[in-house]
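Undergrad: Mind looking over this structure? Questions follow.
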Amino acid sequence: MALKFEKFREPYVIESIKFGLLSPQEIRRMAKVSIMRSDIYEADGSPVVGGLRDPHLGAVEPGESCPVCGNTREECPGHFGRIELARPVILPHLGDDIHAMLQSTCRKCGRLLLPPERISNLTRLYYRRLRERWPRLADVVVKSIIKEASETTVCPHCGESQFKVRYIRPIIFYERRPEGEVRLTPLDIRDRLEKIPDEDAVLLGIDPKSARPEWAVLTVLPVPPLSVRPSITLETGLRSEDDLTHALAEIVRQNEKLKSFLSTNAPETMIEDAWLTLQHVVAAYIDNEFPNIYQLTHRRKRPLKTLAQRLKGKEGRLRGNLSGKRVNFSARTVVSPDPYISINEVGVPVEVAKTLTVSIRVTPYNIDEVRKYVLNGPYKWPGATFVYKADQDRKIDLRYQKDYRKLAEELKPGDIVERHLIDGDIVLFNRQPTLHRMSIMGHIVRVMPGKTFRINLLVCPPYNADFDGDEMNLHVPRLEEAQAEARELLLVEKHILTPRYGGPIIGGRQDYISGAYLLTVKTSLFTLEEVSNIVSRAEAKTMVSEPAILRPKPLWTGKQLVSMFLPQDLNFKGRAKISSGALKCDSEDCFNDSYIVIRKGKLLMGVMDKNAIGAEQPNNLPHVIALEYGESKARELFDTLFRAFIRVLEIKGLTIAYNDIEIPEEAKEEIERLTEEAKREVEELIRQYREGVLEPIPGRTIEESLELKIIERLQKLRTDAGETAIKYLKPSNDIFIMTRTGARGSDVNLTQMAAMLGQQTIRGRRIVRGFRTRPLAHFKLGELSPEARGFIKGNFREGLKPTEVFFHAIAGREGLVDTAVKTSQSGYMQRRLINALQDLTVSYDGTVRDSWGNIVQFKYGEDGVDPKATYHGKPVEVKRVIEKVRGSGG
Amino acid sequence: MSGKAPEKWILEHRLVPEHRVLSLEEAIQVLRRLGVKPWQLPQISINDPVVRLLNAKPGDIIEIRRKSPTGGVAIAYRLVVAFERRS
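Structure below.
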C-alpha cells in the first residue's frame with residue numbers, strides 16, 4: 001500500500017533525456033527472438049514459436065517462467081523481439097530529413113556538397129562555439145548549410161554532377177537525371193546515407209553517435225515485449241489481442257509475402273507492390289494517423305491504436321496518464337450549503353470520513369487516543385483501518401480482525417495507524433474547472449451526518465459553485481509536511497484576497513446582501529428578543545450596547561448590531577450600491593443613508609449592501625479589514641457578522657409575489673404615452689428614409705443609419721418605460737430591494753417584468769431572419785415597423801403576444817449559443833496560456849524567469865508589487881491613509 | 001537584411017521608448033548584477049528599426065527605458081541577435 005512502509009531505496013534522478021535512432025545492431029542485440037510468423041496461436045491454443053506471442057518475449061501468464069531470464073511474470077521485465085525486414089523501409093516521419101540529407105550530399109562519394117576548406121571552417125565554428133552555446137543559432141546555420149549544399153551542381157570532392165531529388169510524401173523519392181526521373185528505392189537511399197561521413201553529418205545537424213543517417217532507413221524492426229501489448233481473455237474464453245499486436249501481425253504478413261516473392265523470383269512489379277505495402281504498414285504501426293498512408297483498421301472499421309496514438313491527445317499517455325493521474329485518498333460528492341460552519345471548514349459525510357485515512361505514528365503521548373481508534377475498528381467512526389506493526393514489519397487490515405481490544409493493547413510507540421478522518425484534519429477541496437489557484441483550497445474537516453459535502457456560502461465565489469447539483473472533490477494530504485503546507489498556504493482564509501486584481505474574492509452574495517441591507521436600513525429596529533436571537537447566532541464576543549430607543553420599549557438599530565462585530569479602531573467610508581438616481585450621495589453629507597461612514601468601529605451612517613460586503617468588490621469592508629487587520633480578522637468577520645445578516649433575513653423574511661411587479665394604472669398610461677411617442681418618431685424616421693431625406697450616419701449606408709437610429713430610439717423607450725415603472729414601486733418592495741442593493745437582478749430584469757421587454761436583437765441588429773422579407777408571416781412584406789422587426793411591447797407580468805414569444809425565443813437562443821461558444825473558446829485559450837506560462841517564477845531578485853533562468857521580465861509587473869497586497873492595484877491608497885489618520889485623530 | 005534605412009524621426013515618436021547601446025563595461029555590470037549569461041536576456045532582432053538606427057551589432061546589449069503605468073520608469077535590457085527567436 002503506502003510507499004512509506006517499503007524499505008527506503010536510493011532514488012534515481014533523471015538528469016536528462018536524449019532522443020536518437022536505434023541502430024540495427026542495437027535492435028538485434030536487444031532482441032531475444034526473431035518473429036517470422038503472423039499467426040499467434042497454434043490450433044491447440046499454445047503460442048506459436050516465432051510468432052508474436054513467442055514465450056521469449058517475456059512471461060505474462062500466471063505461473064509461467066520466462067525462458068530468457070527465468071523470472072515469473074511479476075519479475076520478468078519482458079524482452080524485445082525483432083522482425084528482419086526483407087527489404088529496407090523508410091521511416092516516413094523522417095522523410096523531410098532524409099530528403100535534406102540526400103540533396104546536400106554527393107550521390108557518389110557521400111560527402112557534403114561544399115568545398116573542403118569551407119567544411120573544415122564550418123566544423124571549427126560549429127563545433128567550438130555554436131552547438132553548446134547557441135543551439136538555436138546552430139539550427140539556423142544548419143538550415144543555411146543544407147540550402148547552400150543543395151544548390152551545388154557538381155561535387156567539389158569527386159567532381160560527380162548532382163541532381164535534384166524530388167520527394168513525394170510520404171514515401172517516394174525520385175532523382176531528376178538528364179535522362180528522366182528515376183525512382184530511388186529505400187535500398188538506394190540507405191546506400192547513399194551510409195556513405196555520409198560522420199564529420200559531414202555533424203554539419204547537417206545530426207549527432208552520428210546517437211543517430212547515423214542510414215538508421216533512418218529500417219532494416220530490422222524491434223518488436224515490443226508482451227507486457228507492452230497484453231492480450232485479454234473475454235468471458236467467453238476467446239482471446240482478444242492488443243491493437244499493437246494486430247499491427248505487428250500485419251507487418252509480419254507483408255514481410256513474409258515480400259520474402260516469398262523475392263525467393264521465388266516473382267515479377268518486379270509484384271515485388272515493388274509488396275515492398276510499398278510493407279512501407280505503409282510500418283508507417284502505420286508507428287503513427288496510424290500519418291497523412292497519406294493506408295490506415296490499419298479492425299475489419300474495415302475502427303482504426304487501430306498504434307504507437308503514436310498511445311501517446312497523443314487528451315486520453316494519451318502524456319495528458320491522460322502522466323499529467324492526469326488518478327489518485328487515492330480522494331472523494332467526490334454533491335455540495336450543499338451550510339451557513340453555520342466556518343468558511344475554513346468543510347462538512348464531510350461520516351461515510352467519507354470512514355474511507356479516507358490519515359496515517360499517524362504512535363508515540364507515548366498519543367497512545368491512549370490511538371488506542372481508542374483501533375478499539376472502534378474500521379466500521380465505527382472515529383476508528384482506524386490499518387495497523388502497521390513496526391517491530392514485525394507487518395500490515396494488519398482491521399477489516400479482517402476480530403479482536404480490536406487485543407490489537408489496541410498491543411500497540412507500541414513506533415507503530416503506525418491508519419486513522420479515520422476526524423474533525424480538525426486538513427483537506428484540499430476542489431471544484432472543476434480549476435481556473436484559479438482559489439479553485440483548490442485547504443479546508444478543516446467537520447464530520448457530519450448526511451451524504452453531501454457542506455460548505456459555507458461565502459466560499460462559493462472563488463470556486464464559482466452553486467448548489468444546483470454541483471459536485472466537488474476532496475483530497476487528503478498524508479505527509480506532515482503536506483499537511484503543514486496546506487494549513488499555512490492553502491487554507492481558505494489565506495485566499496480571501498485574490499492576486500488577480502487586488503480585492504476580496506470571498507464575500508456575500510444574494511441573501512447576505514439583502515440581509516445586510518435589511519439589518520442596516522434606518523427603518524429596522526430590533527427588540528431585545530430579536531437582538532439576542534441575532535447576536536447569539538452570530539456568536540458576538542462583545543456586549544450588547546445601550547439600546548438606541550428606550551421607551552416605550554428598548555429597541556436597537558441594525559447599525560448598532562453591526563458595530564458590535566467591527567474592530568474597535570476601524571475607520572471606513574464609501575458609497576453604497578444604492579447611491580444612484582434619487583438617492584445619490586458622494587460625501588458624508590448624505591440624507592439618503594447611501595454613504596457609509598464607520599468611525600472608531602461604529603457604523604454611524606449608511607446602509608450595507610453589495611458595495612460594502614459583496615464578493616469581488618474591491619475596497620469594500622472585508623478587503624480593508626483583511627489588508628489592515630489581517631486575513632484571520634476578516635475570516636472572523638465572515639464567520640460572525642455575516643451569520644447575523646442571514647439571521648436577519650430569517651426574521652424579516654424576503655419574498656416576491658405577483659403584486660410586487662404590479663404598477664398602478666397611471667404608470668401604465670404613462671408608458672403607453674411614451675410608447676406612442678416613440679412609435680411616431682420611428683414612423684417619421686421610416687418616412688424620411690422612404691423619401692430619401694434621412695440624414696445618414698457618417699460611414700454608414702442609408703439603410704444602416706435607419707436601423708441604428710431606430711434601435712437607438714427604441715432602446716431609449718425601454719429605459720424610459722423602465723424608469724417610469726420603477727418610479728412607482730414602493731421602497732419596501734422586495735424585488736426593488738434586491739435590484740437596488742445588488743443582491744440579485746438588474747433594472748433591466750425589473751423593467752422586463754413590470755414594463756416592457758423592448759427590442760430583441762440578433763448580433764446587435766433588429767430581427768430580420770425568417771421568411772424572405774419579413775421574420776414572421778404575421779407581418780406585411782418588407783414592413784419596417786418596430787413590431788415587425790422584433791420590438792416587444794409586452795412584459796412578463798401581463799404576458800406576451802404570440803409573435804412576441806417567437807421574437808423573444810430567437811434572441812434567447814442567440815444568448816445560449818453565445819455562452820456555449822464562449823466557454824469552449826476561452827477554455828482552450830486558458831489552457832494554452834497556462835501551458836506557456838506555468839513555470840515562470842518570480843525569483844528573489846524580483847526578476848521573472850523561466851526554468852532555465854532566462855529573464856522574462858526585469859521586475860515583476862515592472863513595479864515588483866504583489867497585487868494581492870494592494871488596494872485594487874494601488875500599493876498605497878492615499879484616500880485610505882487620510883481616512884485612517886482623520887478618523888482616529890478626531 | 002538590406003533595404004532602405006529607417007527614418008530618423010521614429011526615435012522621436014511617442015510610442016518608441018528610449019533605446020541606448022550599453023558600453024562593454026556597463027554591459028558586464030548589468031550581466032553581473034542580474035547574474036545571467038548574455039543569452040538569458042530577452043532578445044531583439046538586428047532588423048528592428050531602432051536597432052538599425054543605433055547601428056548596434058549582434059552581441060550588443062540595449063537598454064530600453066520606458067514609461068510604465070505601474071512602475072514609473074521601467075528599464076529593460078535586450079540582447080541584439082542576428083536571427084529570429086523561432087526557427
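Residue numbers (my numbering), protein chains in the order written: chain W, 1 to 890; chain L, 1 to 87.
Every residue gets a Cβ at the ideal spot worked out from N, C-alpha and C, and that includes glycine.
1) Can you list, in chain order, the residues of the stretch 851-865 of chain W whose Cβ is nearer than 9 Å to any Cβ on chain L?
2) What separation, rounded to the nearest whole angstrom, lies between the Cα atoms of W:GLY601 and W:MET564?
3) When Cβ atoms are compared, which residues of the stretch 828-847 of chain W fall closer than 8 Å to chain L?
4) With a threshold of 16 other CB atoms inside 10 Å of the CB of W:ASP852, please say whether the residue is buried or exposed.
5) Got a sec: is the Cβ-Cβ distance from L:TRP39 to anything in chain W below 8 Å?
6) Runs of 4 residues minimum, wholly inside the stretch 2-84 of chain L: which ones carry the alpha helix (DSSP H) assignment?
7) Would you say L:VAL21 lies against chain W (beta-carbon separation less than 8 Å)?
8) In whole angstroms, what separates the C-alpha of W:ILE903 from that of W:PRO349?
9) Name the chain A residues that come within less than 7 Å of W:TRP556, Cβ to Cβ?
10) Which first and last residues belong to the beta strand (DSSP E) in which W:GLY81 is found?
11) How many Å lie between W:HIS778 and W:LEU800 at the Cα?
12) Beta-carbon of L:VAL36 versus every beta-carbon of chain W: anything under 8 Å?
13) Which one of W:GLN432, W:VAL362, W:ARG478 has the shortest CA to CA distance from W:PRO462?
14) Between the alpha carbons of L:LYS67 and W:ILE513, how many angstroms are there, rounded?
15) Look up W:ASP368 in the DSSP assignment and say whether it is helix, strand or coil.
16) Can you find a C-beta in chain W that's less than 8 Å from the C-beta of L:ILE61?
17) What are the partner residues of W:ILE596, as DSSP defines its beta bridges?
18) Touch check for the stretch 294-306 of chain W and the stretch 323-343 of chain W: three-plus C-beta pairs under 8 Å?
19) Is the separation between the beta-carbon of W:LEU457 and that of W:PRO337 shorter than 8 Å?
20) If we define contact as Cβ-Cβ less than 8 Å, is L:PRO42 a contact residue for chain W?
21) Whole-angstrom Cβ separation of W:ARG107 and W:GLU194, contact assumed at under 8 Å?
22) Compute the distance between the beta-carbons of L:GLN40 and W:ASN854, then report whether it is under 8 Å.
23) Mind checking whether W:GLY58 and W:ARG37 have CB atoms under 8 Å apart?
24) Within 10 angstroms of the Cβ of W:GLU804, are there 16 or more other Cβ atoms? Answer buried if so, exposed if not.
25) Given that L:SER68 touches chain W, what residues does it touch there, using C-beta distances under 8 Å?
26) Output needed for W:LEU276: all residues of its chain with C-beta closer than 8 Å, excluding positions within five of it in sequence on either side, in chain order.
27) Pop quiz: W:LEU204 and W:ILE145 are said to be a contact at Cβ under 8 Å. What is the actual Cβ separation, rounded to whole angstroms?
28) Using a Cβ cut-off of 7 Å, pull out every chain W residue sitting near L:LEU76, in sequence order please.
29) May I ask which residues mark the beginning and end of the alpha helix (DSSP H) holding W:GLN162?
30) Classify W:VAL476 as helix, strand or coil using the three-state DSSP reduction.
31) Quick one: what does DSSP say W:TRP556 is sitting in, helix, strand or coil?
32) Run through DSSP, which three-state label would W:PRO24 get?
33) Return the Cβ separation of W:ASN255 and W:LEU278 in integer angstroms, given the expectation that the two are a contact with Cβ distance under 8 Å.
34) Would you mind reading off the limits of the beta strand (DSSP E) that contains W:SER843?
35) Can you check DSSP and say which residues form a bridge with W:ARG183?
TA: According to the structure shown:
1) Here the close residues are TRP852, GLY853, ASN854, ILE855, VAL856, GLN857, PHE858, LYS859, GLY861, GLU862, ASP863, GLY864, VAL865.
2) Going by the C-alpha atoms only, they are around 8 Å apart.
3) Answer in chain order: ASP845, THR847.
4) According to the sequence shown, residue 852 of chain W is Trp rather than Asp. Label assigned to W:TRP852: exposed.
5) Taking Cβ atoms only, chain W reaches closer than 8 Å to L:TRP39, which makes this a yes.
6) Contiguous alpha helix (DSSP H) elements confined to the stretch 2-84 of chain L occur at 24-34, 49-54, taking only those with 4 or more residues.
7) Not a single C-beta of chain W is nearer than 8 Å to the C-beta of L:VAL21.
8) Here chain W has residues from 1 to 890 only, and residue 903 of chain W is not among them.
9) Among the protein chains in the structure shown, which are W and L, there is no chain A.
10) That run of the beta strand (DSSP E) goes 81-90.
11) Separation of W:HIS778 and W:LEU800 (C-alpha to C-alpha, rounded to the nearest whole angstrom) is 15 Å.
12) Interface residue, yes.
13) Minimum Cα distance to W:PRO462 is reached at W:GLN432.
14) If you draw a straight line from the Cα of L:LYS67 to the Cα of W:ILE513, it comes to about 41 Å.
15) The DSSP-derived three-state label of W:ASP368 is helix.
16) By this cut-off, L:ILE61 is not an interface position.
17) According to DSSP, which records beta bridges pairwise, W:ILE596 is partnered with W:GLY574.
18) Flag = no, the stretch 294-306 of chain W and the stretch 323-343 of chain W do not touch.
19) Yes, they are a contact pair.
20) For L:PRO42, the nearest beta carbon of chain W is closer than 8 Å to its own beta carbon.
21) Incorrect: roughly 13 Å between the Cβ atoms, too far for contact.
22) The answer is yes: Cβ separation under 8 Å.
23) Contact: no.
24) Burial check for W:GLU804: the Cβ neighbour count within 10 Å reaches 16 or more, so the residue is buried.
25) Those are GLU862, ASP863, listed as they occur along chain W.
26) So the qualifying residues of the chain are ILE171.
27) With 8 Å as the limit, W:LEU204 and W:ILE145 qualify as a contact, their Cβ atoms being about 7 Å apart.
28) It is Ala, not Leu, that sits at residue 76 of chain L in the sequence shown. Correct list: PHE858.
29) Taken as a continuous stretch (DSSP letters only), W:GLN162 belongs to no alpha helix (DSSP H), as it is neither H nor E.
30) In the three-state reduction of the DSSP assignment, W:VAL476 falls in the coil class.
31) DSSP, read as helix, strand or coil, puts W:TRP556 in strand.
32) In this structure, W:PRO24 counts as helix in the three-state DSSP scheme.
33) Sure, about 6 Å apart at Cβ, within 8 Å.
34) Going by DSSP, W:SER843 is part of no beta strand (DSSP E) at all; its letter is neither H nor E.
35) According to DSSP, W:ARG183 shares a beta bridge with W:TYR174.
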